[in-house]
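A short write-up of the structure that comes next.
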């Protein structure tokens, strides 16, 4: 029984995590134990017993022996969610995928095939019909094998293919035994309205026969909103990557998808035309930021101030006006929702109110004249150095100049 496909059909939201596979095309490399750790931290957001919530793509075994062994390490150490491995539509790669998933508690094989005329010609030098025929042979080979893993098929460049062909191929493959069809906006070229039109038409053609996964790229900056458009149309499986890491400009950031679909679930219907029952239990959003920090450390991609949900700018104050009503200047309460405590950044934008608050959190106080002198030194130092934020040691150094 495929618990993932069954859950999606019942209306539950499913996450396909691509940090280890598509994320590698973002010029990163995760070792086996790091992939295991990320999968484990990701599952803590969903809680025990929700195995079907997460499909963690462990990698692409045909890269080489080292990648194969890394995928095997994930398989050997993960029994708390579904684990996938990706490959192309050839018998040779199918054999490798089967070997890579052998013994998996909850395994999935993801076979990628182009479906647009241009991509079929470029990648396989064949027509879409011939590519589909070759894929069907591969699917039959896997189904006839002794593997217990489920089969998913990724339609590459699906959004630039003939939608009638995509719908008919998806239906035929589902009837043949494929679990889910992954619809890829491979070059990230869709605008939101186009995404809604595409998935609306696709779901209308396939009715309830096929379970789809939305795999959207971010080349135009629409990866997140396009994924939410797909969910709004009725798709119940989404693809993301922590920190948005992926090929070229990346893909939807997992942390943003989790927040968009997991925060204020009672508002999902009015905001996204999505029922709140996509969750059997609310996700633990307070695990998002720690997981993102871990991913940031292991892949060497620093969190940026402007990163939504997980960046160091979340729940930070550097100017005086927000002190009047801190929540008025934020769309949600970061501490209550994400567990992110307030932070005061001392910058060239500081006011006396900011300086006084920065002193209070350190258990210190100065008289009015000293505060004004410290504020003047802060601004002078910031402009001399050309830096936005004064580090703790620099602030304390200026404080000592005032105090003694």
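Numbering (the numbering used here), first residue to last: 351 to 754. Cβ coordinates follow ideal geometry from the N, Cα and C atoms, glycine included.
Nearest by alpha-carbon distance to residue 384: which of 744, 642, 684 is it?
For residue 384, the closest C-alpha among the options 744, 642, 684 is that of 642.
Beta strand (DSSP E) segments (min. 3 residues) lying fully within the segment 665–707:
none
Rounded to a whole number of angstroms, what is the C-alpha to C-alpha distance between residue 356 and residue 665?
39 Å
Report yes if the C-beta distance between residue 680 and residue 732 is below 8 Å; otherwise report no.
With respect to the 8 Å criterion, residue 680 and residue 732 are not classified as neighbours on the basis of their beta carbons.
Starting from residue 784, trace the alpha helix (DSSP H) both ways and give me its first and last residue.
The structure shown has nothing for residue 784, since the chain only spans 351 to 754.
How big is the Cα-Cα spacing for residue 353 and residue 738?
49 Å
Helix, strand or coil at residue 454 according to DSSP, with G and I counted as helix:
coil
Beta-carbon proximity list for residue 693, same chain, < 8 Å, skipping 5 on both sides:
662, 665, 666, 667
Measuring alpha carbon to alpha carbon, tell me which residue in 748, 669, 528 is nearest residue 701.
669
With residue 367 as the anchor, note down where its beta strand (DSSP E) starts and where it stops.
364–367
Please list the terminal residues of the continuous alpha helix (DSSP H) segment that includes residue 437.
No alpha helix (DSSP H) contains residue 437, which is instead part of the beta strand (DSSP E) from 432–438.
Smallest Cα separation from residue 397: which of 574, 634, 741, 501?
634
Going by other Cβ atoms of all chains shown within 10 Å of its Cβ, with 16 needed for buried, is residue 652 buried or exposed?
Residue burial is scored here from C-beta neighbours: residue 652 has fewer than 16 other C-beta atoms within 10 angstroms and is therefore classed as exposed.
Give the straight-line distance between the Cα atoms of residue 674 and residue 704, rounded to the nearest whole angstrom.
11 Å
Check for me: the beta strand (DSSP E) holding residue 504 runs from which residue to which?
500–506
Cβ shell of residue 391 (< 8 Å), same chain only, five flanking positions each side left out:
637, 640, 641, 644
Do residue 602 and residue 573 have their beta-carbon atoms positioned less than 8 Å apart in this structure?
Result yes, Cβ atoms of residue 573 and residue 602 sit closer than 8 Å.
Taking only the alpha-carbon atoms, compute the straight-line gap between residue 479 and residue 736 and give it to the nearest angstrom.
For residue 479 and residue 736, the distance between alpha carbons rounds to 60 Å.
C-beta contact flag for residue 459 and residue 469 at 8 Å:
The answer is no: Cβ separation not under 8 Å.
In terms of residue numbering, what span does the alpha helix (DSSP H) encompassing residue 577 cover?
573–583
Strictly by DSSP, which residues pair up with residue 406?
367, 433
Decide if residue 597 is buried, meaning its Cβ has at least 16 other Cβ atoms within 10 Å, or exposed.
buried
Report the three-state DSSP secondary structure of residue 587 (helix, strand or coil).
strand
Simplified DSSP assignment, three categories, for residue 426:
If DSSP states are grouped into helix, strand and coil, residue 426 belongs with the helices.
Determine the closest residue to residue 510 out of 493, 549, 529, 475, with distance taken between C-alpha atoms.
The option with the nearest alpha carbon to residue 510 is 549.
Out of 403, 522, 380, 684, state which residue places its alpha-carbon closest to the alpha-carbon of residue 419.
380
Which runs of the alpha helix (DSSP H), 4 residues or longer, sit entirely within the segment 503–566?
513–526, 542–556
When the Cα atoms are used, what is the spatial distance from residue 487 to residue 562?
21 Å
Coarse secondary structure for residue 464, derived from DSSP in three states
DSSP, read as helix, strand or coil, puts residue 464 in strand.
How long is the line joining the alpha carbons of residue 512 and residue 622, rounded to whole angstroms?
27 Å
Cβ-Cβ distance between residue 358 and residue 587 below 8 Å
yes
Could you have a look at residue 739 and say whether DSSP puts it in helix, strand or coil?
strand
Excluding sequence positions up to five away, which residues of its chain have a Cβ less than 8 Å from the Cβ of residue 618?
611, 624, 625, 626, 628
Cα-Cα separation, residue 595 to residue 522:
33 Å
From 555, 367, 508, residue whose alpha carbon lies closest to that of residue 533:
508
Taking the alpha-carbon positions, what's the residue 613 to residue 457 distance?
30 Å
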